[in-house]
Amino acid sequence: MLAEWTVELGANDPRLEIPWALEDGSSRFLDLKRQPELLLEISEACAYSELAEFLNWANSPESPFETAKCDAWTSRQIDAEDEVFGEPCKFGSYVDLLFADEDRRSQFSENEHFVQALAKLVRHAPEMASAAEFTLRHCFDHRAKAEECFYITFYLHGYGEDETQARTRWAVALKMVQNAMRQYWASRTVR
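Going by my numbering, the sequence shown runs without a break in its numbering and finishes at 316.
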């Protein structure tokens, strides 16, 4: 699996505000870590069971993370960087993740080490028409107090001849990334 990591901390780069809501009220921040039953209110999780499983795990007590946003889609728009897979269709998603622990999420070095290590682990996954990207960004968490911290946007694409094949590859890749996250965390807690 292709895996990359980047850091986007510039003044014009995306930032996440927690809690967030769209102006029209159609979508908002749902605290799945503290209220897991709200998963049923996320339309993407209802449409894609694999994404629901990932969100359920990422927000579980066994996970050091919590999620803030997600989306999933199918596209036949193949960019130059997608051409390496030689497939006409892609199924993609993103999940905004942050460490649940306030100290961890406020430390740049902790977050940077995580995305670097995760990309390295994922690169060792079996070859498949899929790509993951982990982008480290600024976050402002207003839940308890205004706290400047960091979050990670996790992009994932599966490629295939059609939507079914692309989604299948995406789903397998999502499980691989989840397993890499578990492996990373297990290695950190053993120390």
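In this text, a Cβ means the ideal position worked out from N, Cα and C, and glycines have one as well.
Asked, Found
"Simplified DSSP state of D207, which is helix, strand or coil", "helix"
"8 Å contact criterion, which N320 and K158 should meet: CB distance rounded", "Lying before the first or after the last residue shown, residue 320 is absent from the chain, which here runs from 126 to 316."
"Sequence-distant residues of its chain with Cβ nearer than 8 Å to T289 (five each side left out)", "none"
"The region 189-206 / the region 144-160 touching (three or more Cβ pairs under 8 Å)", "yes"
"Cβ-based burial, F275 [other Cβ within 10 Å; buried from 16]", "buried"
"Beta bridge counterpart(s) of R262 as assigned by DSSP", "E133, Y276"
"E169, enclosing alpha helix (DSSP H) - first and last residue", "168-172"
"Spatial neighbours of Y219 in its chain, beta-carbon cut-off 7 Å, leaving aside the 5 residues before and after", "C195, D196, T278, F279, Y280"
"Segment limits, beta strand (DSSP E) that includes S151", "From DSSP, S151 is part of no beta strand (DSSP E); its letter is neither H nor E."
"Buried/exposed call for S255, threshold 16 Cβ in 10 Å", "buried"
"Nearest to R229 (by Cα), restricted to the options A257, E273, S200, W198", "E273"
"CB of M301 within 8 Å of CB of M126, strictly", "yes"
"Three-state secondary structure assigned by DSSP to W198", "strand"
"Contacts around F233, its chain only, beta-carbon distance under 7 Å, and the 5 residues preceding and following it disregarded", "F275"
"Per DSSP, the bridge partner or partners of L222", "T192, I277"
"For F239, the residue or residues it bridges with in DSSP", "In DSSP, F239 forms no bridge with anything."
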